[in-house]
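There are 2 protein chains.
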Amino acid sequence: MYRMICALLLSAGIALVTGPKLIAYLKKLHFGQTIYELGPAHQKKQGTPVMGGLMMAAGIVVSSLAFHPRKWEGAWDFILPLLAVSLLSMAVGFADDWIKAVKKRHDGLSPWQKIAGQVLVAAAFSVYCYFNPAVGSRIRIPFFHAEWDLGIFYIPLMTLLTIFIVNSSNLQDGLDGLLGTVTAVSSSAWAMISLLILAVPSLGAVFGADGARVTGVFAMSMVGACLGFLRYNRYPAKTFMGDTGSMLLGGGTVAMAMLLRLPLLLLLTFFTPVMSSVSVILQRYYFKLTHGKRIFLMSPIHHHFEKKGYSETQIVSMYAGVTLVLSLIAVLSIL
Amino acid sequence: MYRMICALLLSAGIALVTGPKLIAYLKKLHFGQTIYELGPAHQKKQGTPVMGGLMMAAGIVVSSLAFHPRKWEGAWDFILPLLAVSLLSMAVGFADDWIKAVKKRHDGLSPWQKIAGQVLVAAAFSVYCYFNPAVGSRIRIPFFHAEWDLGIFYIPLMTLLTIFIVNSSNLQDGLDGLLGTVTAVSSSAWAMISLLILAVPSLGAVFGADGARVTGVFAMSMVGACLGFLRYNRYPAKTFMGDTGSMLLGGGTVAMAMLLRLPLLLLLTFFTPVMSSVSVILQRYYFKLTHGKRIFLMSPIHHHFEKKGYSETQIVSMYAGVTLVLSLIAVLSIL
């Protein structure tokens with residue numbers, strides 16, 4: 003338990019302490035996000051440095067390793083993939099941010115480059131989970147205390163899921179403090195889920211208490227990193243996490259869920275990012291089908307709410323509330 | 003577990019549904035909070051109806067009774083005092099709000115009337131806990147897995163604690179969405195603590211799994227009520243909870259903590275309200291000692307932050323982050 007507490011505090015501390023220096027450094031490099039042209043009235047945000055997500059990466063990596071439970075011999079089988087998926091997902095986003103912000107090329111990575119990077123990471127991780135005896139192809143069905151053996155289909159399905167979650171996280175990152183707040187709450191849920199698995203013998207037998215010990219520390223590092231980052235990202239933001247940060251958080255979240263064999267719970271804990279993706283997809287297909295009509299005033303759906311007259315802070319508060327409700331339900335669902 | 007989920011959803015639903023009608027009714031009665039004269043630039047808030055806390059009371063009472071675990075024969079020994087402390091604390095606040103807002107008498111209850119009401123409630127509840135065999139005079143020391151038998155001193159100490167917490171809650175309620183957000187997070191922590199006690203046999207043996215079943219449902223009702231209420235209270239607020247709401251939330255929180263024999267954990271989960279009280283006390287004594295100097299630009303401390311240039315939403319975000327960190331630590335501390 004002390005490891006989880008220390009991971010939380012250290013991670014928040016690292017993000018808080020590295021924040022000002024990182025922001026100054028990013029500004030010095032003339033990093034400024036090129037604001038997406040269709041965004042409603044965000045032009046004032048021009049000049050806010052992106053890639054602030056790096057401070058979260060520092061917090062997560064250092065504190066999840068510093069308080070890593072080394073005694074369990076399979077522990078590295080959990081922490082290394084967690085960090086690998088997070089950091090490699092981040093690397094894709096980082097490349098995109100770097101090209102846009104430093105090289106000043108508006109287009110960033112090509113869609114195919116981005117998707118190729120993501121597929122590689124997602125497929126490798128899914129194969130890894132499939133062959134890891136502590137994970138395997140059997141996922142848990144929340145609420146029903148049942149398992150579902152996906153067999154070899156585990157690999158393509160989980161590859162798609164990983165890509166979907168990382169991109170959902172990326173799409174949700176459009177308002178000050180939004181994704182950071184949502185991820186702080188949802189990661190708290192993953193920490194509580196890990197804790198229950200650790201502390202309740204019957205759950206430990208099903209999910210594996212040792213793995214939960216690792217995900218618990220990792221989840222708490224994520225909570226700390228998000229909260230530390232929010233100090234600089236809440237409205238009005240001094241820095242944005244960028245694709246760097248959003249893909250890091252998406253990668254870390256999906257990796258925890260898959261290692262705990264609870265990928266289906268992402269529909270609850272990560273509902274609002276998933277909804278961001280779904281709103282984009284619905285909007286696009288509806289637009290094509292109807293030759294020009296729209297469901298939402300703008301997608302992802304948080305921009306729809308903005309156009310409806312909600313302020314950024316109201317939308318963040320709404321998303322946080324929804325995430326808290328669904329996260330509590332997610333925690334309860336495993337019992 | 004299903005009871006807890008249902009309590010959360012029903013309570014949020016009740017607050018959401020009753021909200022608009024309650025607000026319209028309160029406005030019709032010409033309720034408008036008389037803004038505290040020294041508050042920084044809150045004059046625009048004149049005319050926002052107070053006593054919006056009543057929608058939370060409706061949510062908490064209905065859903066904690068609807069999903070009350072009746073099978074355990076001692077269950078009523080837990081739910082009745084929980085509701086009694088919440089509602090009687092609320093009654094004191096309600097009387098104050100009513101006199102100020104409806105009777106338009108600026109002074110409300112006299113300090114002595116207020117404190118007399120609170121002492122009565124607090125003392126009666128402390129005596130009740132002392133004699134309830136499932137509670138008694140032994141409180142738990144978090145982190146140390148130890149107990150501390152306060153003996154007969156339990157009664158005066160817990161009376162003071164109850165009064166202190168209810169008033170802390172009341173003092174913190176000064177910014178849009180502040181106390182509602184903090185209480186939503188801290189009540190989530192009490193729900194998770196109850197859940198652990200329920201699910202982990204060794205904790206159940208120490209704290210009593212049956213009582214935790216009741217506090218779990220109650221805590222989830224509180225989370226739901228706060229989140230539903232925040233829909234109308236987040237910045238810019240359409241209604242304030244008033245003393246009605248803040249004393250309800252303070253009373254409910256302290257009652258849960260005492261029934262679980264974990265009053266010391268209030269220092270973590272309810273840290274920011276406690277800090278509000280402490281800042282007022284420090285300010286007052288420092289002012290007297292130094293004949294006119296101040297520690298804070300203004301107390302309670304959230305007004306200090308406002309004077310320092312933080313916006314309301316920034317302060318809410320900061321308090322929520324601190325509460326989330328300390329709440330996670332509180333949950334972990336009982337293991």
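Chains as they are written, first to last, in my numbering: chain A, 3 to 337; chain B, 3 to 337. Glycine included, every Cβ here is placed at the ideal spot set by N, Cα and C.
Query                                                                                                                                                            : Result
Can you have a look at ARG5/A and say buried or exposed, based on whether 16 or more other CB atoms are within 10 angstroms of its CB?                           : buried
Would a check of beta-carbon distances place VAL52/A closer than 8 angstroms to chain B?                                                                         : no
Whole angstroms is fine: what's the gap from THR325/A's alpha carbon to SER313/A's?                                                                              : 18 angstroms
So ASN169/A and ASP245/A are in contact, right, with Cβ under 8 angstroms, and what is the actual spacing, rounded?                                              : That pair is no contact at about 10 angstroms.
Using a 10 Å radius around the Cβ and a threshold of 16 neighbouring Cβ atoms, would you call SER190/A buried or exposed?                                        : buried
Mind pulling the chain B residues with CB within less than 7 angstroms of ALA148/A?                                                                              : Going along chain B, no residue has its Cβ under 7 angstroms from ALA148/A, so there is no contact; the nearest lies around 16 angstroms.
Throw me the rounded Cβ distance for the GLY226/A and LEU10/A pair, which I believe falls under 8 angstroms.                                                     : 4 angstroms
Determine, using beta carbons only, whether THR325/B comes closer than 8 angstroms to chain A.                                                                   : no
What does DSSP give as the partner residue(s) for ASP151/B in the beta ladder?                                                                                   : ARG140/B
Which chain B residues are close to ARG236/A, counting only those with a beta carbon under 7 angstroms from its beta carbon?                                     : GLN316, SER319
Comparing the C-beta of ILE341/B with each C-beta of chain A, is any distance below 8 angstroms?                                                                 : Absent from the structure is residue 341/B, since the part of chain B shown begins at 3 and ends at 337.
Mind checking TRP192/B: buried by the 16 CB within 10 Å criterion, or exposed?                                                                                   : buried
Establish whether the CB of ILE154/A and some CB of chain B are separated by less than 8 angstroms.                                                              : no
For a test of the three-state rule: what should DSSP assign to GLU308/B, helix, strand or coil?                                                                  : helix
According to DSSP, simplified to helix, strand and coil, what is LEU266/A?                                                                                       : helix
Quick check: the Cα distance between LEU18/B and GLY252/B, rounded to an integer number of angstroms?                                                            : 21 angstroms
Any contact between the segment 77-97 of chain B and the segment 230-247 of chain B? By contact I mean 3 or more CB pairs, one from each, below 8 angstroms.     : yes
Whose C-beta lies closer than 6 angstroms to the C-beta of THR161/B among residues of the same chain, with five residues either side of it excluded?             : ALA124, ALA125, SER128
Can you check whether the CB of LYS240/A is closer than 8 angstroms to the CB of THR50/A?                                                                        : yes
Is the segment 282-292 of chain B touching the segment 216-235 of chain B, taking contact as three or more C-beta pairs under 8 angstroms?                       : no
Assuming LEU262/B and PHE209/B are in contact, meaning their beta carbons sit under 8 angstroms apart, how far apart are those beta carbons, in whole angstroms? : 6 angstroms
Name the chain A residues that come within less than 8 angstroms of ALA186/B, Cβ to Cβ?                                                                          : GLY323, LEU326
Could you tell me which chain A residues have their CB closer than 9 angstroms to the CB of ILE7/B, listed as they occur along the chain?                        : LEU330, ILE331, LEU334, SER335
Cβ of LEU270/B within 8 angstroms of Cβ of LEU197/B?                                                                                                             : no
Can you tell me whether DSSP reads GLY21/B as helix, strand or coil?                                                                                             : helix
By Cβ distance, which residues of its chain are closer than 7 angstroms to LEU229/A, with the 5 residues on each side in sequence left out?                      : ALA14, ALA186
Do the CB positions of ALA322/B and VAL184/B come within less than 8 angstroms of each other?                                                                    : yes
So, PRO144/B versus ILE336/B, is the Cβ gap smaller than 8 angstroms?                                                                                            : yes
Grab the span of the alpha helix (DSSP H) containing VAL121/A for me, first residue to last.                                                                     : 113-133
If we count the other Cβ atoms within 10 Å of its Cβ and call it buried at 16 or more, is LEU82/A buried or exposed?                                             : exposed
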